[in-house]
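Chemist: The structure under discussion is supplied below as structure tokens; questions concerning it will follow.
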Amino acid sequence: MGSEAAQLLEAADFAARKHRAQRRKDPEGTPYINHPIGVARILTHEAGITDIAVLQVRRLVEEVTDDKTLPKLERKRLQVQQAPHSSPGAKLVKLADKLYNLRDLNRCTPEGQKYSTIARPRGSFQDKSDHQEVISWSCTRPSGKLAEPSAVLQVV
Numbered sequence: 001m002g003s004e005a006a007q008l009l010e011a012a013d014f015a016a017r018k019h020r021a022q023r024r025k026d027p028e029g030t031p032y033i034n035h036p037i038g039v040a041r042i043l044t045h046e047a048g049i050t051d052i053a054v055l056q057v058r059r060l061v062e063e064v065t066d067d068k069t070l071p072k073l074e075r076k077r078l079q080v081q082q083a084p085h086s087s088p089g090a091k092l093v094k095l096a097d098k099l100y101n102l103r104d105l106n107r108c109t110p111e112g113q114k115y116s117t118i119a120r121p122r123g124s125f126q127d128k129s130d131h132q133e134v135i136s137w138s139c140t141r142p143s144g145k146l147a148e149p150s151a152v153l154q155v156v
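Using the UniProt record's numbering, read the sequence shown as starting at 1 and increasing by one per residue.
This is how it looks when you write it as structure tokens:
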């Protein structure tokens, strides 16, 4: 077996052992290992990442993992502050992680949690104002204020 394949299998084995008793917060109690596997799949199939160093995400996950001993607001503040200084691989992993979590929320809401729609697009996304409405309520600045739709469109 090639050394890259062996490294990838070793990383998957490590993750499976590390997370064997953990479950996701969904009603089915999905095994947590599905999450890192799903993130790796997004990286390979959707982002076209083939670099083993990125796919062996342990080091990169450690780079972007929050300190759970800190209050939530402080963790979020640090995320915003540190994100621009993260390695490119860590940024890719963080984005794939967020995408996986959003898709998982679309599949089912975590047990005991509820969410409601904050805003709805007015049409079929055919006109620019519909895009701006959705983007403006979903993107906030570090100050907590909603960004202007035009500013958000430039950033994205």
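Ideal Cβ positions, reconstructed from N, Cα and C, are used throughout, including at glycine.
If you draw a straight line from the C-alpha of Arg23 to the C-alpha of Asn34, how long is it?
Modeler: The straight-line gap from Cα to Cα measures roughly 9 Å.
Chemist: Name the one or two DSSP bridge partners that Pro31 has.
Modeler: According to DSSP, which records beta bridges pairwise, Pro31 is partnered with Arg23.
Chemist: Please report the Cβ distance between Leu55 and Leu92, rounded to the nearest whole angstrom; I am assuming they are in contact, meaning their Cβ atoms lie under 8 Å.
Modeler: That pair is no contact at about 10 Å.
Chemist: I think Asp66 touches Arg75, with their Cβ atoms under 8 Å apart; what is that distance to the nearest whole Å?
Modeler: About 4 Å; that satisfies the 8 Å criterion.
Chemist: Whose CA, out of Leu8, Arg107 and Val80, lies closest to the CA of Arg41?
Modeler: Out of Leu8, Arg107 and Val80, Leu8 has the C-alpha closest to the C-alpha of Arg41.
Chemist: Mind reading off the beta-carbon distance from Pro36 to Cys108? Whole number of angstroms is fine, and I expect it under 8 Å.
Modeler: That belief does not hold up - the Cβ atoms of Pro36 and Cys108 are roughly 19 Å apart, past 8 Å.
Chemist: Please tell me whether Ser86 has its Cβ less than 8 Å away from any Cβ of chain D.
Modeler: Judged by its chain identifiers, the structure shown contains no chain D, having just a single protein chain.
Chemist: Please return the same chain residues whose Cβ sits closer than 6 Å to the Cβ of Ala96, not counting the five positions on each side in sequence.
Modeler: These residues qualify, in order along the chain: Val39, Ile42 and Leu43.
Chemist: So, under 8 Å CB-CB, Ile52 and Glu4 are touching, yes? Tell me the CB distance rounded to an integer number of Å.
Modeler: Right, the Cβ-Cβ distance comes to about 5 Å (below 8 Å), so this counts as a contact.
Chemist: Quick one: grab the DSSP three-state call for Lys18.
Modeler: Reduced to three states, the DSSP call for Lys18 is helix.
Chemist: Nearest CA to the CA of Gly48: which residue from Lys68, Gly89, Thr69 and Ala15?
Modeler: Closest by alpha carbon: Gly89.
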